[in-house]
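Shown next, in structure tokens, is the structure this report addresses.
Protein chains in written order, with the numbering used here: chain A, 26 to 266; chain B, 38 to 457.
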């Protein structure tokens, strides 16, 4: 998979994929030398490299596969490391930092997935335009003005986006994106507040408590002021009578 | 050369022919972009007559004789800013109202900060809005005022009118969503499975930039690509650039929305659709639409991709008023306020409608007569909602389609054809 993913940058053509899958030098060996003999990191790298399988599909599929493969690698290779129980004085802080790293990955993966979903209508519109141009060529009709083709393309693109946006797949992806963004932000805020507590600066949590109290007090004051005002005007009316 | 390259080459050859023109345009655009540009928005002078927390009440000084005695209060949405109603000279809803002798007030919701995150719909409707309405009533020494709500501000106005009907003389709702159970708009689909509580927990308020991103995603082909292609093509046109920049200024001037308010709005309205069923609760009181007994003019756009016709056209059949009118305009969500064609009819229609109802007793008989003459008009099928923003177009002169779900009412609805 990884090799296939790297294919566009190696300059190899699809037909030559099999032959060109081997990197120009033994990267795995080179990196192992850098990392030193043995150890978990080397094992992970070996596993990462061996996990890859050439697919020979289009860029869209390769990209999608790459995200999926990376998520699988992360969940099996990295996530357990972040979940190793922390001990000692810095246990709480370290745990929060690890959680942030984990949430960051989930956020990144969701963003990638979402971006890829958004790129699908673009690819489809290009494919449609290609078909349209092929049709014109087969008919022997000359190509129209650039603006005409642009107008057609933007309409096609718009329609593909509308189809995507109405799909269940998109709605789920959007929900996931928002949830993961929120989760990452909350965890990030948590870590930030952990550090801010060392400084003479109020944290958001502390400010929110004050805001909540302020909100409640203001509301009560406003309601009381309204009631008093009504009573005063009622009293004034009575006095007039 | 392969089969694919041939037509592409043709296109590019054609395109290159236009390059010389493009070069000239770019050279000319240098003068436009580097020269003085008038891109200021909201230029109509006003006085701030009331302030409370972050909100301000704008009062526009009348430029002509008062033709509608009862002042009109405009309540804009919490999303984006009310400056849209005064975007550019000559295409300003505010100026049109003033020129037609309307004593105009407008709520400026300001820019909520983190301390505003706990403000609810109740605080906006029964708090700020009620205080503003009371202020205007006291100032003019009148029992009730005219109220016009826009988009989310329209929903607030519906809620307000149901909770305080004695304070509202006439209600005008424009592109105001009231029925959220529709598949016409993408927002309605997207919000169904959304857990907004998590976003609010994370951000405190709903970030304006996040909302803007969502709005751009409603139609990226037009709003992210085509719009800027059009900008490039017209870079040498000073007036075009000025108007374009004004619109950009407005679109990306997006205050955050108070967290609790947007959470309640999404959950109670978009997800549970409580408002149209008269089951929504605000400040401990049920919002019963039957309490809306004042005349109601309900205006919406045919090509609105944010608040589609299906989100608006049920309202008139659910309120308690005998005097209701639906008006569907062939334009988009923003085009209804800024397109020159729409402006020629949108504001005059409202002013004329208000004038007719200046004297309640007099209007009652007029309305009954109108109702007898007009009756229910045949309704036209709504076209699919396109994603143009802003969409410009003429008024249809057609009434909106009525929902099959709406019960046949004995009372007469004045569903007139707009005098296009």
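Even glycine gets a Cβ: it sits at the ideal position worked out from N, Cα and C.
This structure is a prediction, so every number in the text was calculated from the model and none was measured.
Using CA atoms only, rank isn't needed, just tell me which of the options is closest to residue i.
i                     : options                    : result
residue 80 (chain B)  : B:308, B:97, B:151         : B:97
residue 328 (chain B) : B:310, B:205, B:92         : B:205
residue 106 (chain B) : B:117, B:284, B:135        : B:135
residue 292 (chain B) : B:84, B:62, B:120          : B:120
residue 101 (chain B) : B:67, B:220, B:137, B:124  : B:137
residue 376 (chain B) : B:127, B:309, B:241, B:75  : B:127
residue 75 (chain B)  : B:279, B:298, B:379        : B:279
residue 107 (chain A) : A:131, A:223, A:217, A:220 : A:131
residue 193 (chain B) : B:277, B:351, B:302, B:147 : B:302
residue 152 (chain B) : A:243, A:215, A:120        : A:243
residue 70 (chain B)  : B:289, B:391, B:332, B:271 : B:271
residue 237 (chain B) : A:201, A:217, A:208, A:223 : A:208
residue 228 (chain B) : A:226, A:183, A:198        : A:198
residue 395 (chain B) : B:207, B:184, B:300        : B:207
residue 84 (chain B)  : B:142, B:104, B:307        : B:142
residue 361 (chain B) : B:383, B:391, B:368, B:344 : B:391
residue 363 (chain B) : B:343, B:386, B:321        : B:386
residue 90 (chain A)  : A:194, A:181, A:137, A:125 : A:137
residue 230 (chain A) : A:184, A:240, A:218        : A:218
residue 180 (chain A) : A:150, A:97, A:232, A:100  : A:150
residue 321 (chain B) : B:160, B:55, B:209         : B:160
residue 174 (chain A) : A:240, A:119, A:221, A:161 : A:161
residue 198 (chain B) : B:214, B:163, B:389        : B:163
residue 104 (chain B) : B:374, B:133, B:211, B:144 : B:133
residue 145 (chain B) : B:112, B:371, B:139        : B:112
residue 259 (chain B) : A:183, A:145, A:239        : A:183
Interface residues of chain A around residue i at Cβ under 7 Å?
i                     : result
residue 1 (chain B)   : Residue 1 (chain B) is absent from the model: chain B starts at 38 and stops at 457.
residue 307 (chain B) : What residue 307 (chain B) touches in chain A: nothing, since even the nearest Cβ is about 13 Å away.
residue 296 (chain B) : Here the premise fails: no neighbours, minimum Cβ distance about 10 Å.
Can you pull the DSSP bridge partners for residue i?
i                     : result
residue 96 (chain B)  : B:84, B:142
residue 183 (chain B) : B:109, B:207
residue 335 (chain B) : B:210, B:363
residue 60 (chain B)  : Bridge partners of residue 60 (chain B): none, in fact.
residue 89 (chain B)  : B:92
Listing by chain order, which chain B residues have their CB less than 8 Å from the CB of residue i?
i                     : result
residue 183 (chain A) : 256, 258, 259, 424
residue 204 (chain A) : 232, 235
residue 240 (chain A) : 152, 155, 156
residue 237 (chain A) : 155
residue 141 (chain A) : Ordered by position in chain B, no residue passes the 8 Å Cβ test against residue 141 (chain A), which lies about 15 Å from the chain.
residue 196 (chain A) : 226, 227, 229, 230
residue 99 (chain A)  : Under the 8 Å cutoff, chain B gives no residues; its nearest Cβ is about 22 Å from residue 99 (chain A).
Show which residues of chain A have a CB atom less than 8 Å away from the CB atom of residue i.
i                     : result
residue 263 (chain B) : 179
residue 238 (chain B) : 207, 211
Please list, in chain order, the chain B residues whose beta carbon lies closer than 7 Å to that of residue i.
i                     : result
residue 199 (chain A) : 227
residue 301 (chain A) : Since the first residue of chain A shown is 26 and the last is 266, residue 301 (chain A) is not available in this structure.
In chain A, which residues lie with their C-beta within 9 Å of the C-beta of residue i?
i                     : result
residue 55 (chain B)  : 170, 171, 172
residue 369 (chain B) : Residues of chain A passing the Cβ test: none, with the nearest at roughly 14 Å.
residue 2 (chain B)   : Beyond the ends of chain B as shown, which are 38 and 457, falls residue 2 (chain B); an answer cannot be given.
Chain B partners of residue i, CB-CB under 9 Å?
i                     : result
residue 232 (chain A) : 151, 152
residue 220 (chain A) : Those do not exist, as residue 220 (chain A) stays about 18 Å from chain B at its closest Cβ, beyond 9 Å.
Nearer than 7 Å: is that true of the beta carbon of residue i relative to any heavy atom of the ligand SAM?
i                     : result
residue 305 (chain B) : The ligand content of the structure shown is nil, which means the ligand SAM is not present either.
message: Under 7 Å, CB to CB, which of the residues in the region 222–234 of chain B have a partner in chain A?
response: 223, 226, 227, 230, 231, 232
- request: Could you tell me which uninterrupted alpha helix (DSSP H) segments, each at least 4 residues in length, are contained entirely in the region 102–170 of chain A, listed from first to last along the chain?
  value: 104–107, 116–164
field: In chain order, each alpha helix (DSSP H) run of at least 4 residues that lies wholly inside the region 241–326 of chain B
entry: 245–254, 264–270, 275–288, 296–301
Chain B contacts from the region 147–166 of chain A (Cβ-Cβ distance under 7 Å): 155, 158, 159, 161, 162
task: Select from the region 318–345 of chain B all residues with a C-beta closer than 8 Å to any C-beta belonging to chain A, and list them in chain order.
output: none
task: Return the residues of the region 77–104 of chain B that lie within a Cβ-Cβ distance of less than 7 Å from chain A, sorted by chain order.
output: none
message: At a CB distance below 9 Å, what residues from the region 343–364 of chain B approach chain A? Give them in sequence order.
response: none
query: Between the region 109–133 of chain A and chain B, which residues of the former have a C-beta closer than 8 Å to a C-beta of the latter?
result: none
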